[in-house]
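Notes follow once the structure below has been shown.
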DNA sequence: ATGGTGGAGCATCCA
C-alpha cells in the first residue's frame with residue numbers, strides 16, 4: 187500500500203449527466219478517494235458499475251428519491267463507514283474512517299438568494315447547519331485526525347471571490363456566513379489544506395456560474411469547495427490541485443474537482 | 001438594476 191493518499195472532492199451537479207466529464211477526469215487522474223456532492227440520483231439509479239470499471243471497489247452513496255442533494259464516498263479499497271451526524275436529515279453528509287483518520291463529506295445548503303434570515307428560511311437553515319457542524323466538531327478531541335471536505339457553499343476569504351465588495355450581499359460571501367464558517371474552522375483547529383499552497387493575496391476559485399456568456403473570460407469565480415484537515419495532519423498535506431480544466435468539458439459541472447495529496451506516516 | 005443557465009422531471013423547485 188502506498189504511503190500517500192489522494193483525496194478529491196467534486197460537486198458534480200448530477201452524476202448521471204456528468205459521466206463523460208468524470209471519465210475524462212479519471213483517465214487523467216485517479217484519486218484513492220473521490221467525494222461527490224449533488225449526485226441528484228436515488229441509490230437504485232446510481233451508476234455503480236461506471237466507478238467499478240475505474241477500479242473503485244468501495245462505493246458508499248446516499249441519494250434522495252426527489253433528485254435533490256446526494257453524496258458519495260468512492261474509494262479503491264474498502265473503508266469503514268462511521269455513523270452520520272445526527273442533525274443532518276437530507277443526503278448532505280457521509281463519513282468513513284481510513285487508517286486513523288475520520289473523513290467527512292459535506293454538502294452544506296446553498297441558502298437561497300435573499301441574505302436575510304427573517305425573509306428567507308433557506309438562509310436560516312444554512313446558518314443553522316454550519317452552527318450545528320461547529321457544535322458537533324467542538325465535541326471531538328483536539329488531537330483527533332479529521333478531514334472535512336466538500337461543497338461548503340461559502341467563499342471565506344476576500345480572494346476566494348472575484349470581487350469582495352460586490353459579493354458582500356451575495357449569499358456565499360456575506361459577513362455572517364464567513365463568521366459562521368470561521369467558527370467552524372476554529373471549532374477543532376482546522377487548517378485549509380488548499381490555501382496552504384496559494385497565498386491569501388491570490389485569487390482562487392472552484393466554481394464558475396453557468397450564467398456567464400464566457401465563464402473563462404469573465405472569470406467571476408468563487409471558492410466554494412474545501413478540504414480542511416485538523417492541525418496535526420496539516421504537515422502531511424504535500425500538494426493541492428484545482429482541476430480547472432473540467433469546467434471546459436462539453437457538459438460541465440459548475441464546480442471543478444479539488445484534490446490534496448496526503449502523506450501517511 | 002437586471003437577467004443571465006443548468007438539472008430533476010413534468011410543475012416547479014433548487015442551485
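Numbering (my numbering), first residue to last: 187 to 451.
Beta carbons: idealized from backbone N, C-alpha and C, even for Gly.
Are the stretch 340-351 and the stretch 421-429 touching by the rule of at least three beta carbon pairs closer than 8 Å?
no
Beta carbon of residue 224, beta carbon of residue 255: below 8 Å?
yes
Just curious, the beta strand (DSSP E) that residue 223 is in, first and last residue?
219-223
Leaving aside the five residues before and after residue 308 along the sequence, list all residues of the same chain whose C-beta is less than 8 Å from its C-beta, in chain order.
295, 296, 297, 298
So if DSSP puts residue 386 in a beta bridge, which residue, or which two residues, is it bridged to?
Note: residue 386 sits in no beta bridge, so no partner.
Any beta strand (DSSP E) of 3 or more consecutive residues that is wholly inside the stretch 323-358:
332-337
Only counting the same chain, and skipping five residues up and downstream in sequence, which positions put a Cβ closer than 7 Å to that of residue 277?
248, 249, 250, 255, 256, 257
Member of 306, 390, 365 whose CA lies at the smallest distance from the CA of residue 316
365
May I ask which residues mark the beginning and end of the beta strand (DSSP E) holding residue 267?
266-268
Across which residues does DSSP place residue 408 in a beta bridge pair?
347, 393
Beta carbon of residue 392 nearer than 8 Å to that of residue 398
no
For residue 267 and residue 260, what's the separation of their Cα atoms in angstroms?
12 Å
Excluding five sequence neighbours on each side, which residues of the same chain lie with their C-beta closer than 6 Å to the C-beta of residue 377?
415, 417, 420
Measure the alpha-carbon distance for residue 221 versus residue 332 and round it to whole angstroms.
15 Å
Determine the closest residue to residue 238 out of 264, 323, 198, 336, with distance taken between C-alpha atoms.
264
DSSP three-state label for residue 215, please.
coil
Taking 8 Å as the threshold (C-beta atoms), are residue 207 and residue 432 in contact?
yes
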